[in-house]
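Numbering (the UniProt record's numbering), first residue to last: 1 to 243.
For glycine and all other residues, C-beta sits at the position ideal for the given N, C-alpha and C.
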Amino acid sequence: MSGYDRVVQPAAGDDALENHLGGDEAKNYRQYEFDMVAPHVGRSMLEIGSGLGHFAEQFLPRLDRLVVSDFDPYCVEQLEKRFAHRDDVSVLQFGLPAEIPLADPVDTVVMMNVLEHIEEDAEALRSLARVTAPGGRIIIWVPGYMQLYGDFDRKVGHVRRYTPTTLRAAVTAAGLGVDVLKPINFLGGIAWWAAVRRGGVGYPDPRLVKIYDRTVVPMTRFIERIIRPPFGQTVFCVARVPQ
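This is the structure:
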């Protein structure tokens, strides 16, 4: 197997999944993610790697249609339970790259911390473009900079970390345009380097995550309103499907 279909979570369970939301210790970071993504989301959305559905659920008030997905059977089971009462929500199971079993295109695809797991990243983006309406957006959130690559990345199956240059290469190879492409979370990148690369931390400590969330995230948001950071813990991209 190749691509996202061979990714194995560190463990299955509500408290053990690799979760871009950071758990209950990272409420400010979860809001940071949502505020970055939300302005680019249309009326119909497919999320790739939805996990337990926390992130996608936040968009329901502004959507006519939501499709959540994951490859992990445990996650798919939890997603089906979470959204069982919603007729406007569909649940899919698939890996990337693949033919996505979606009959009606969406105008927005969101993938948070997924693309870095996939060896054939440009082909995965082509798969997504085929189920995105012309002129629609594919929103990509990935860990940044190989200088920050450490044991945590290896444990959770990260093939790579991206720079704006390498992410642009994958996006353009997939035939997509670029609306937004920039590094974000500058202070988080420094903290990650100190903790993971220099400090040898193999997995984020919930106590440190809580401190980081209360102090570093608000400061980062303030700074990024004033300046564009030269690098960051994350690279953020809004890609455009050609008309």
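Residue state for V216 is assigned as helix, using DSSP reduced to three classes. Contact annotation: the segment 160-172 does not touch the segment 222-230, with fewer than three C-beta pairs closer than 8 Å. Within the DSSP bridge table, the entry for I138 names V109 and A239 as partners. The beta carbon of V76 sits closer than 7 Å to those of D70, V91 and Q93, all from its chain and outside the five residues before and after it, given in chain order. Counted as a single uninterrupted DSSP element, the beta strand (DSSP E) harbouring P183 occupies residues G177 to I184. With a cut-off of 8 Å on Cβ pairs, the segment 106-121 is not in contact with the segment 80-89, counting fewer than three such pairs.
Close CB contacts of L115 within its chain, under the 7 Å cut and outside five residues either way in sequence, are with D121, A124, I140 and V142 (chain order).
For E57, the uninterrupted alpha helix (DSSP H) segment begins and ends at H54 to E57.
Cα atoms of F231 and R240: separation of roughly 23 Å, rounded to the nearest angstrom.
Cβ contact annotation for A170 (same chain, cutoff 6 Å, sequence separation greater than five): D121 and A122, in chain order. When Cβ pairs closer than 8 Å are counted between the two stretches, the segment 170-181 is seen to touch the segment 126-134, the count reaching three or more. The continuous beta strand (DSSP E) containing R65 extends over residues R65 to D70. Residues H40, F236, C237 and V238 of the same chain have their beta carbon placed closer than 8 Å to that of V180, with the five preceding and five following residues left out of the count. According to the DSSP assignment, V37 belongs to the alpha helix (DSSP H) that extends over K27 to V37. Here G188 is near V216, since their CB atoms are less than 8 Å apart. When the beta-carbon positions are compared, P134 and P242 come within less than 8 Å of each other. For L79, the enclosing alpha helix (DSSP H) has its first and last residue at P73 to R82.
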